[in-house]
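Chemist: With this note's numbering, letter number 163 in the sequence shown gets 163, and the count goes up by one each step, no holes. Glycine is no exception: its CB is placed at the ideal position from the N, C-alpha and C atoms. Structure below; questions to follow.
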Amino acid sequence: MAEAHWYVVHTYSGYENKVKANIDKTIENRHLEDQILEVRVPMQDVVELKNGAKKQVSKKMFPGYVLINMIMNDDTWYVVRNTRGVTGFVGPGSKPVPLTEVEIRTLGIKADNIVVDFAEGDTVVIIGGVWKDTVGVIQTMNEGKQIVTINVDLFGRETPVEISFSDVKKMN
Numbered sequence: 001m002a003e004a005h006w007y008v009v010h011t012y013s014g015y016e017n018k019v020k021a022n023i024d025k026t027i028e029n030r031h032l033e034d035q036i037l038e039v040r041v042p043m044q045d046v047v048e049l050k051n052g053a054k055k056q057v058s059k060k061m062f063p064g065y066v067l068i069n070m071i072m073n074d075d076t077w078y079v080v081r082n083t084r085g086v087t088g089f090v091g092p093g094s095k096p097v098p099l100t101e102v103e104i105r106t107l108g109i110k111a112d113n114i115v116v117d118f119a120e121g122d123t124v125v126i127i128g129g130v131w132k133d134t135v136g137v138i139q140t141m142n143e144g145k146q147i148v149t150i151n152v153d154l155f156g157r158e159t160p161v162e163i164s165f166s167d168v169k170k171m172n
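Following this line, the structure appears as structure tokens:
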């Protein structure tokens, strides 16, 4: 059986949630649960300042786009492509191009959930990348994206740096 990949679908602006709802309904009606696995409208929490008051709201990360994890075949392509509000798949011509592993990880969609033995406030040493052998204290941890933010000394100033869980080791 073919493998599922993440694809990006372009929609009319403002129709992202309607497209998601329509595709979800079609999946249920046509029993395509084993072929179209997930439909997402990526959101991010943003703090807005309105009338002098801070307010936390969710905004679409990519207005006009919906992400779909599916097995590409004629049936699934037809269902998605002919959903009201969809203008097409992202890719050259009419051929959809799946997202790469790096793009998926960057979006925080699919990570190799790494189990870690450190927490905020712990002193860690960086074991890979540009900051290798640098020691710092964990300020924040993002489980979804599998990254930690630590402060490193850069030109005499403490600067926050985001590092992957896999590139950090707790100091004894």
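Quick one, are the C-beta atoms of V148 and T134 less than 8 Å apart?
Modeler: Residue mapping note: residue 148 aligns to position 148 of the sequence shown, counting from 1. Residue mapping note: residue 134 aligns to position 134 of the sequence shown, counting from 1. No; because the gap between Cβ atoms is not below 8 Å, this pair is not in contact.
Chemist: Distance check for G88 and S94, CA to CA, integer angstroms please.
Modeler: On the sequence shown, position 94 is the one that residue 94 refers to. On the sequence shown, position 88 is the one that residue 88 refers to. Looking at the two C-alpha atoms, the distance is approximately 8 Å.
Chemist: Roughly how many angstroms separate the alpha carbons of M72 and Y12, rounded to a whole number?
Modeler: As a first step, residue 72 must be located in the sequence shown, where it is residue number 72. As a first step, residue 12 must be located in the sequence shown, where it is residue number 12. When rounded, the distance between both Cα atoms is 22 Å.
Chemist: Hey, out of V161, N17 and I23, whose CA is closest to N82's CA?
Modeler: Position 82 of the sequence shown, counted from the first residue, corresponds to residue 82. The shortest C-alpha separation from N82 is found at I23.
Chemist: If we count the other Cβ atoms within 10 Å of its Cβ and call it buried at 16 or more, is E3 buried or exposed?
Modeler: As a position in the sequence shown, residue 3 is number 3, starting the count at 1. Classification for E3: exposed.
Chemist: To the nearest angstrom, report how far apart T106 and S164 are at their CA atoms.
Modeler: In the sequence shown, the residue the question calls residue 106 occupies position 106. In the sequence shown, the residue the question calls residue 164 occupies position 164. So the alpha carbons of these two residues sit roughly 11 Å apart.
Chemist: Identify which residue in E158, V66, M70 and I104 has its Cα closest to the Cα of V86.
Modeler: Position 86 of the sequence shown, counted from the first residue, corresponds to residue 86. When each option's Cα is compared against that of V86, the closest is V66.
Chemist: If you run the structure through DSSP and keep just helix, strand and coil, what is F165?
Modeler: What you label residue 165 is simply residue 165 of the sequence shown in a count that begins at 1. It is helical.
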